[in-house]
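Residue numbers (my numbering): 1 to 207.
Dropping the structure here:
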């Protein structure tokens, strides 16, 4: 909604953060299958790792990438993604974003006896990626920061509800940029309201 008010650099930061938020709480896939469905030989070299994706979040990201950024400019969100761990495995599905590669590499270090979707395991990996991501994403001012937060909250509500991991990531962003709790909660409330109104409107139109 408000992405058009952001500068090119801030839009790139938003999209990089959104790409990560869209997979932060999603199940990890082995050759497109869940761990239970995949072959027992899940660490073979031919295995490609990815994450399940939500249709609503993917559609929103696609729309954001189309937003004009000024004559002669194109968005390059990967340029705002600095965290590239050494020893890349290369075991990624075609088209994987840098965010996806980073999270895959971190979660592949989790012993098989642990569930890499367990809240404490995933939260630790999300924290690591976010900590490094903040080093390269510098949103320009407090107004842009609030717009970025609002848009990310809309994405989190895109599937109808916000997950604990999504809220965790948003809170991390809040604290990184020094947004006070009252402002954060008010922005979150407005994002939820806008999301609910949009969903009700769409349902009414499609009746």
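All C-beta atoms, glycine included, are put in the ideal place defined by N, C-alpha and C. This one's a predicted model, so the numbers in the text were calculated from it and none came from an experiment.
Just curious, the alpha helix (DSSP H) that residue 153 is in, first and last residue?
Reading the chain shown from its first residue, position 153 is the one you call residue 153. Note, residue 153: alpha helix (DSSP H), 142-156.
Run through DSSP, which three-state label would residue 106 get?
Here the question's residue 106 lines up with position 106 in the chain shown. In this structure, residue 106 counts as helix in the three-state DSSP scheme.
CB-CB under 8 angstroms to residue 183, same chain, minus the five flanking residues each way: which ones, in chain order?
Reading the chain shown from its first residue, position 183 is the one you call residue 183. Taken in chain order, the residues that qualify are 146.
Please go through the same chain and pick out, in chain order, the residues whose beta-carbon is closer than 7 angstroms to the beta-carbon of residue 67, but skip the five residues on each side of it.
Position 67 of the chain shown, counted from the start, is the residue given in the question as residue 67. 3, 4, 11.
For residue 15 and residue 64, what's the separation of their Cα atoms in angstroms?
In the chain shown, residue 15 corresponds to position 15, counting from 1. In the chain shown, residue 64 corresponds to position 64, counting from 1. C-alpha separation (whole angstroms): 7 angstroms.
Select from 155, 8, 9 the residue whose C-alpha is nearest the C-alpha of residue 190.
Within the chain shown, the letter at position 190 stands for residue 190. Distance from the Cα of residue 190 is smallest, within the candidate group 155, 8, 9, for 155.
Residue from 17, 18, 22, 50 with nearest C-alpha to residue 33:
As a first step, residue 33 is located in the chain shown; it is residue number 33 there, counting from the start. When only C-alpha atoms are compared, the closest one is 50.
Of the listed residues 123, 130, 186, 172, nearest to residue 99 (C-alpha basis)
Your numbering for residue 99 matches position 99 in the chain shown. Ranking the options by Cα distance to residue 99, first place goes to 130.
Our contact map puts residue 177 next to residue 139 with C-beta atoms below 8 angstroms; I'd like the distance itself, whole angstroms only.
Along the chain shown, one-based indexing puts residue 177 at 177. Along the chain shown, one-based indexing puts residue 139 at 139. The pair is a contact, with the Cβ atoms about 7 angstroms apart (cut-off 8 angstroms).
Among the residues of its own chain, which have a CB less than 6 angstroms from the CB of residue 159, if the five just before and after it don't count?
The residue given as residue 159 occupies position 159 in the chain shown. Closer than 6 angstroms at the Cβ level, and outside the excluded window around residue 159, lie 54, 56.
Terminal residues of the continuous alpha helix (DSSP H) containing residue 22?
On the chain shown, position 22 is the one that residue 22 refers to. Annotation for residue 22: the continuous alpha helix (DSSP H) segment containing it runs 8-24.
Straight-line CA distance for residue 35 to residue 59?
If you number the chain shown from 1, residue 35 lands on position 35. If you number the chain shown from 1, residue 59 lands on position 59. Going by the C-alpha atoms only, they are around 26 angstroms apart.
With DSSP collapsed to three states, give me the class of residue 196.
Residue mapping note: residue 196 aligns to position 196 of the chain shown, counting from 1. Helix.
If you count every other CB in all the chains shown that lies within 10 Å of the CB of residue 23, and 16 or more means buried, which is it?
Residue numbering aside, residue 23 sits at position 23 when the chain shown is read from its first letter. Counting Cβ neighbours within 10 Å, residue 23 comes out buried, since at least 16 surround it.
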